[in-house]
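Have a look at the structure below before the remarks.
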Amino acid sequence: MKNEIISRKKIGVRQLTIIGMLSGISIMLGITGWGYIKLPLLPVTVMHLPVIIGAIIEGPIVGICIGLIFGISSIIQNISTPTLLSFALINPLVSVLPRILIGITAYYSYKIIPINNKAIKVAVGAAVGSITNTIGVLGMIYILYLQQYAARMKIKPWVARNGLLTVAAVNGIPEAIAAVIITVPIVIGVQRVRKK
């Protein structure tokens, strides 16, 4: 019984440490602007990577916590340095909810896939987490702000819809590829170190 309690405390401390470390990386990426590659329409982000890594290594609760920090930093970024879409990105349904979901989808797609190869499992989790970010954010903009987005761009709503689909492909595919390339070696490396 005593060993079980000590084991639970160690797991809790490890998870808190990872949340703190990866959230710190997310905050640093947001504050310095290194987490966003500025494009005229929508910034491409690599800030979802700490969420994916934390979720796959420590589980969905850790991913949710880091995703929350990521979402809040996105709101702060859009308030402090507005872009064309900041009116939408300051809404927590657009900036926070999809980022929280990254941790859930990344972890469960990694866990559920019936393959024994760790690298493939991590790659699937990373890709799904990244796609969750892209579809979640752009999907919420489409659902909540399509008319406003079209008015700001001075285009018709159907053109705005096609524009969002283009952004999803142009930003989402490279973000998913980057997520796989960066996440796989980090997660596998951390898992190997923890086994020793």
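Each residue of the sequence shown is one higher than the last, beginning at 30 in the working numbering. Note that beta-carbon positions come from the ideal geometry of N, C-alpha and C, so glycine has one too. A quick note: this is a predicted structure, and the numbers were derived from the prediction, not measured.
Buried or exposed (CB count within 10 angstroms, at least 16 for buried), residue i
i: isoleucine 149; result: exposed
i: serine 109; result: exposed
i: valine 209; result: buried
Under the three-state DSSP convention, the category residue i falls into
i: threonine 61; result: helix
i: threonine 195; result: helix
i: threonine 161; result: helix
i: threonine 46; result: helix
i: threonine 212; result: helix
i: threonine 112; result: coil
Euclidean distance between Cα positions of residue i and residue j
i: glutamine 220; j: glycine 83; result: 12 Å
i: lysine 158; j: tryptophan 63; result: Note that residue 158 is glycine in the sequence shown, not lysine. If you take the alpha carbons of glycine 158 and tryptophan 63, they lie about 20 Å apart.
i: leucine 122; j: glutamate 204; result: 21 Å
i: isoleucine 104; j: isoleucine 98; result: 10 Å
i: alanine 156; j: glycine 201; result: 10 Å
i: serine 55; j: leucine 126; result: 16 Å
Rounded distance between the beta-carbons of residue j and residue i, thought under 8 Å
i: valine 91; j: isoleucine 47; result: 6 Å
i: glycine 88; j: serine 124; result: So it is not a contact: roughly 23 Å between Cβ atoms.
i: valine 131; j: threonine 163; result: Reading off the sequence, residue 131 comes out as isoleucine, not valine. Actually they do not touch by this definition, with Cβ atoms about 10 Å apart.
i: alanine 117; j: isoleucine 81; result: Wrong, their Cβ atoms sit about 23 Å apart, outside the cutoff.
i: glycine 154; j: isoleucine 129; result: Not really, about 16 Å apart at Cβ, beyond 8 Å.
i: valine 75; j: alanine 207; result: 6 Å
i: glycine 59; j: glutamine 106; result: 5 Å
i: leucine 173; j: arginine 190; result: So it is not a contact: roughly 13 Å between Cβ atoms.
Within 8 Å, strictly: CB atoms of residue i and residue j
i: isoleucine 211; j: lysine 147; result: no
i: leucine 114; j: isoleucine 170; result: yes
i: valine 196; j: leucine 167; result: yes
i: isoleucine 85; j: valine 151; result: yes
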